[in-house]
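Per my numbering, residue 1 is the first one in the sequence shown, and the count goes up by one each step. Reading through the structure tokens given below for one structure.
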Amino acid sequence: MSDTTRPHTVFSDVDETLITVKSMFDFLHYRLVRLHGAAGEEEYERIMAVLRRRAADGVPREEINRAYYRHYAGEDVAAVTALADDWYTERAASTRGFWIDSTREALHRHRAAGASVVLVSGSFPPLLEPLAREIGADAILCTRPLADGGTYTGEVAVPVIGEGKREAVLAHLASRPDTDPGDCWAYGDHVSDLPMLELVGHPVAVGDDPELRERLALRAETTAAAR
């Protein structure tokens, strides 16, 4: 790991990097079925069909992220948070495997070595805060739905997806001028995580995305050749 005598930060994507599910969509299904039963299942399939179609049509991931949160317009923040706590409790206790153990253990090792751990995700606080507590994360950089009077408006501040992750990580690093990005680590599972991974000295690919692994291998070769 990096030189632990100097301040360093470990940034980690969440969905399919730290946990095996896509938290936003897994929770959406959980919530709709919990509240509406079979009708909720049908509503979930309808919503997902629309989002998949838009993605297939080339709609940017940032806009898909915004579209997802519009389905929470008018929902009570406290009620959503309570359901999110139930979701986490059930998923974390499941024998089906909720955590990606290699990443979870790596983050615990980084934490024990004195690193600051930061979760970076397009998901939102009610789903990420329980994960952060388990990992011992110091901060969460994520999409934050806007609320008015305790009710979600359906809009978000900034989608933390792709370049949004890069901007969030850059802002976090800028707030810690004693931290050298070259000493920092980042974990991601998808090529869309590259804008974040390329900011640090120690990027780690989780899973088998061939494009991500190829791009990181090329980056490592280029860095080595420049030394």
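Each residue gets a CB set at the ideal place from its N, CA and C atoms; glycine is no exception. As the structure is a prediction and not an experimental result, all values here were calculated from the model.
Of the choices T151, T20, I161, whose alpha-carbon is the least far from that of H71?
Considering only alpha carbons, the answer is T151.
Smallest Cα separation from V118: which of A38, L107, D15, L212?
Considering only A38, L107, D15, L212, the residue with the shortest C-alpha distance to V118 is L107.
In three-state DSSP terms, what is T95?
Annotated three-state conformation of T95 is coil, per DSSP.
Tell me, please, which residues DSSP counts as bridged to L141.
BP columns for L141 point to V120.
Look at the alpha carbon of G154 and the alpha carbon of T143, and state the distance between them as a whole number of angstroms.
When the Cα atoms are used, G154 and T143 turn out to be separated by approximately 12 angstroms.
Identify whether P60 lies in helix, strand or coil by the three-state DSSP scheme.
Residue state, collapsed to three classes: coil.
The alpha helix (DSSP H) enclosing E134, as first and last residue numbers:
Here the alpha helix (DSSP H) through E134 covers 125 to 135.
Should A139 be counted as a contact of the ligand PLP given a C-beta to heavy atom distance under 7 angstroms?
With respect to small molecules bound, the structure shown includes none, and the ligand PLP cannot be examined in it.
Across which residues does DSSP place D15 in a beta bridge pair?
Note: D15 sits in a beta bridge opposite I19.
Check whether the region 126 to 134 touches the region 55 to 66, taking contact to mean three or more Cβ pairs, one atom from each stretch, closer than 8 angstroms.
No, the region 126 to 134 is not in contact with the region 55 to 66.
Take W99 as the anchor and find which of R31, V21, L170, S12 has the nearest alpha-carbon.
Its Cα nearest to that of W99, the residue V21 stands out among R31, V21, L170, S12.
Compare the Cα-Cα distances from A115 to each of Y69, L141, L18, T179 and report the closest residue.
When the alpha-carbon of A115 is set against those of Y69, L141, L18, T179, the nearest one is in T179.
Opposite P203 in the DSSP bridges: which residues?
Answer by DSSP bridge pairing, in chain order: A186.
By Cβ distance, which residues of its chain are closer than 6 angstroms to E43, with the 5 residues on each side in sequence left out?
The residues are L32.
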